[in-house]
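Student:
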Amino acid sequence: MIMSDIRSRLQRLRPRQTARALTPAAGREAPSPAAAGLPGREQLTARGAFQLIEERRPLTHRHGHLPFGALLERDAALLARVARAPAFASADLSGLAFIDTETTGLAGGAGTFAFLVGVGVFEAGDFVLRQYFMRRPDEEPAMLAQLLDDLASRAGWVTFNGRAFDVPLLENRLTVNRIGAAARSLFGLRPHLDLLFPARWLYRNRLASCALSSLEQHVLGVPRTEADVPGALIPQLYVDYLRTGDPQDMRRVIYHNAVDIFSMVTLAAHVLEVFASEAEGEDPKAPAARPARDPAEHLRLALWHDHDGRPAEAEAGYRRALAGKLSLDDRRLALTRLAALLKRLNRRAEAVPLWEQLASFTLDDALPCVELSKYYEWKAADLKQALAWARRAEAIIRAMPAGWRRTEAQAAITRRLGRLSLKLNP
84 MIMSDIRSRL
94 QRLRPRQTAR
104 ALTPAAGREA
114 PSPAAAGLPG
124 REQLTARGAF
134 QLIEERRPLT
144 HRHGHLPFGA
154 LLERDAALLA
164 RVARAPAFAS
174 ADLSGLAFID
184 TETTGLAGGA
194 GTFAFLVGVG
204 VFEAGDFVLR
214 QYFMRRPDEE
224 PAMLAQLLDD
234 LASRAGWVTF
244 NGRAFDVPLL
254 ENRLTVNRIG
264 AAARSLFGLR
274 PHLDLLFPAR
284 WLYRNRLASC
294 ALSSLEQHVL
304 GVPRTEADVP
314 GALIPQLYVD
324 YLRTGDPQDM
334 RRVIYHNAVD
344 IFSMVTLAAH
354 VLEVFASEAE
364 GEDPKAPAAR
374 PARDPAEHLR
384 LALWHDHDGR
394 PAEAEAGYRR
404 ALAGKLSLDD
414 RRLALTRLAA
424 LLKRLNRRAE
434 AVPLWEQLAS
444 FTLDDALPCV
454 ELSKYYEWKA
464 ADLKQALAWA
474 RRAEAIIRAM
484 PAGWRRTEAQ
494 AAITRRLGRL
504 SLKLNP
């Protein structure tokens, strides 16, 4: 009984085998495509063989609420702005490559490799998806070398979280396979749009998650079929495939990767559409299938423009947001940021009604009252109003929790009250 219990505990503590540990035994040949039951064909290269799956879709094919060709109608200069990559401004959007990997681990690291790489490109009037799949780990050099050759002519990259995950992983695996110098030159010199960042700017306060699957469901209108598989299961499914050779779950992984690529095309077109409409005003010719712009979306765009130093676009976005129905927190944020922007532009008189609105429903923040006191003291020369707003600010500060913030705020408002009292009673 004791030995049985020890064996049971040891079994539970034994680490799960990784894909590397499950490399097929020496002498075992990779199954033929027909025997493996995988889609696509065997691709032979100077470095060996791997499985290549190719699918073509016309540009009129709709994935979610937009066709693939919609992206090609967008402005490259706007892409450069959204990506914060000036090199995109002179790029041909048909030269973009959409990249997504499926890997043996979700955390990355030296022991993780990409067993499936999906690449979507515009080619000869179609959108073409190529998926590079290694049927066993020793096919990695052949797969990566072909991938690198196929990417060489592309103008830039589009990924979803690829800046932190996919691209560093591919660079690492190319280095391990002694083609790292070419990889660093290729990935390092081409512009890169990581869609996770603009998606977070637009939707992080509106959606519980900004994962691609969440954006598909709530923004893009993309359904996934029962053929899909949760991304968290994919590493183990590949391990199981190496053990058994059963391709059933790999077909689901290949489907998952394909939908990821297709959704990135729709998301890129959608994000650029949102930014274009914000810059130009609402487009009356916008597709009816696209939901009307949400005031919160205007706010997120305004914050983006404000952050990147575009005051005219930021002001327009804040005003569009405030003209709609916002949550109390979003309304407070929009009023605060618009007032601060107007102050920076030396248009303080226009900021006064915004600070007054904030003071009317913001009972835990003295800033609007302080700003109004400053305005009436230094710009409007109305010392009585300045003193009244300073006293309101003092009351709010006294109610703040004890701590250094309250101490500093109290010292500042005390100095302000003293100065105003002296001016009124010299």
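Quick note: the sequence shown uses this note's numbering, first residue 84, plus one each step. Ideal Cβ positions, reconstructed from N, Cα and C, are used throughout, including at glycine.
Based on DSSP bridge pairs, tell me the residues matched to T242.
Tutor: The partner list for T242 (beta bridge, DSSP) reads D277.
Student: What number of angstroms, rounded off, separates the C-alpha of D413 from the C-alpha of L285?
Tutor: Looking at the two C-alpha atoms, the distance is approximately 13 Å.
Student: So what does T128 bridge to, in DSSP terms?
Tutor: According to DSSP, T128 bridges with G131.
Student: Along the chain, where does the alpha helix (DSSP H) containing V211 start, and where does it finish?
Tutor: Not the alpha helix (DSSP H): V211 falls in the beta strand (DSSP E), residues D209 to F216.
Student: Is any non-hydrogen atom of the ligand ATP found closer than 7 Å to the C-beta of G188, if you look at the structure I gave you?
Tutor: For the ligand ATP, the structure offers nothing, since it holds no ligand at all.
Student: Can you give me the start and stop residues for the alpha helix (DSSP H) that F444 sits inside?
Tutor: Taken as a continuous stretch (DSSP letters only), the alpha helix (DSSP H) holding F444 covers R431 to F444.
Student: Taking the beta strand (DSSP E) that A385 falls in, what are its first and last residues?
Tutor: It is not in any beta strand (DSSP E) - A385 instead sits in the alpha helix (DSSP H) that spans P378 to H390.
Student: Looking at R256 and F196, is the spacing between their C-beta atoms short of 8 Å?
Tutor: Contact flag set, yes.
Student: Going by other Cβ atoms of all chains shown within 10 Å of its Cβ, with 16 needed for buried, is A180 buried or exposed?
Tutor: Result: buried.
Student: Which value, in whole angstroms, describes the spacing of the CA atoms of L505 and A469?
Tutor: Using only the alpha carbons, I get a separation of about 13 Å.
Student: When DSSP labels each residue in this structure, what does E454 get in the three-state scheme?
Tutor: In this structure, E454 counts as helix in the three-state DSSP scheme.
Student: Using a 10 Å radius around the Cβ and a threshold of 16 neighbouring Cβ atoms, would you call P306 buried or exposed?
Tutor: It is exposed - the Cβ of P306 has fewer than 16 other Cβ atoms within 10 Å.
Student: Any chance the region 315–332 sits against the region 384–396, with 3 or more Cβ pairs inside 8 Å?
Tutor: Contact fails: fewer than three Cβ-Cβ distances are below 8 Å.
Student: Using a 10 Å radius around the Cβ and a threshold of 16 neighbouring Cβ atoms, would you call F444 buried or exposed?
Tutor: With fewer than 16 other Cβ atoms within 10 Å, it is exposed.
Student: Tell me, please, whether the region 257–271 touches the region 293–307 by the rule of three or more beta-carbon pairs shorter than 8 Å.
Tutor: Verdict: no, contact absent.
Student: Unbroken alpha helix (DSSP H) runs of length 4 or more, entirely within the region 265–327: which are they?
Tutor: With a minimum length of 4 residues, the continuous alpha helix (DSSP H) runs that stay inside the region 265–327 are 279–286, 295–298 and 317–327.
Student: Would you kindly work out how many angstroms separate the C-alpha atoms of G147 and V354, rounded to a whole number?
Tutor: Cα-Cα distance, rounded: 14 Å.
Student: Please report how far the alpha carbon of V357 lies from the alpha carbon of L155, in whole angstroms.
Tutor: C-alpha separation (whole angstroms): 15 Å.
Student: Please specify which runs of the beta strand (DSSP E), each continuous and at least 3 residues long, are wholly inside the region 118–202, giving them in chain order.
Tutor: Runs of the beta strand (DSSP E) inside the region 118–202: 124–128, 131–141 and 179–186.
Student: Just how far apart, CA to CA, sit L437 and R289?
Tutor: In a straight line, the C-alpha of L437 is about 24 Å away from that of R289.
Student: Between which two residues does the alpha helix (DSSP H) carrying P224 extend?
Tutor: Where P224 is concerned, the enclosing alpha helix (DSSP H) stretches over E223 to L234.
Student: Compute the Euclidean distance between the alpha carbons of R145 and H390, then round it to the nearest angstrom.
Tutor: Using only the alpha carbons, I get a separation of about 33 Å.
Student: What number of angstroms, rounded off, separates the C-alpha of E222 from the C-alpha of V322?
Tutor: If you take the alpha carbons of E222 and V322, they lie about 15 Å apart.
Student: Rounding to the nearest angstrom, what Cα-Cα distance links V211 and R167 in this structure?
Tutor: Approximately 26 Å between the Cα atoms of the pair.
Student: For the putative contact between G245 and D277, defined by C-beta atoms under 8 Å, what is the C-beta separation to the nearest angstrom?
Tutor: About 6 Å; that satisfies the 8 Å criterion.
Student: Applying the 10 Å Cβ sphere with the 16-neighbour rule, what's the burial state of L428?
Tutor: The residue is exposed, with fewer than 16 neighbouring Cβ atoms inside 10 Å.
Student: In its own chain, which residues sit with a C-beta less than 6 Å from the C-beta of A449, not counting the 5 before and 5 after it?
Tutor: So the qualifying residues of the chain are A476, I479 and I480.
Student: Is the beta carbon of D249 closer than 8 Å to that of I182?
Tutor: Cβ atoms of I182 and D249: closer than 8 Å.
Student: Considering Cα atoms alone, identify which of D158, G123 and V202 is closest to S360.
Tutor: Comparing Cα-Cα distances from S360 to each of D158, G123 and V202, the minimum goes to D158.
Student: Using CA coordinates, which residue listed in W461, A385, L455 and L161 is at the minimum distance from L424?
Tutor: Nearest of W461, A385, L455 and L161 to L424, Cα basis: A385.
Student: Who are the near neighbours of R499 in its chain, counting only those whose CB is closer than 6 Å to its CB and skipping five residues on each side?
Tutor: Contacts found: A473.
Student: As an exercise, report each continuous alpha helix (DSSP H) stretch of at least 4 residues that is fully enclosed by the region 457–499, in chain order.
Tutor: Runs found: 466–481.
Student: Can you name, in chain order, every residue of its own chain whose Cβ lies under 6 Å from the Cβ of M226, other than the five neighbours on each side?
Tutor: Closer than 6 Å at the Cβ level, and outside the excluded window around M226, lie F133, Y215 and M217.
Student: Roughly how many angstroms separate the alpha carbons of A482 and A492, rounded to a whole number?
Tutor: When rounded, the distance between both Cα atoms is 11 Å.
Student: Can you tell me which residues form a DSSP beta bridge with F205?
Tutor: BP columns for F205 point to F210.
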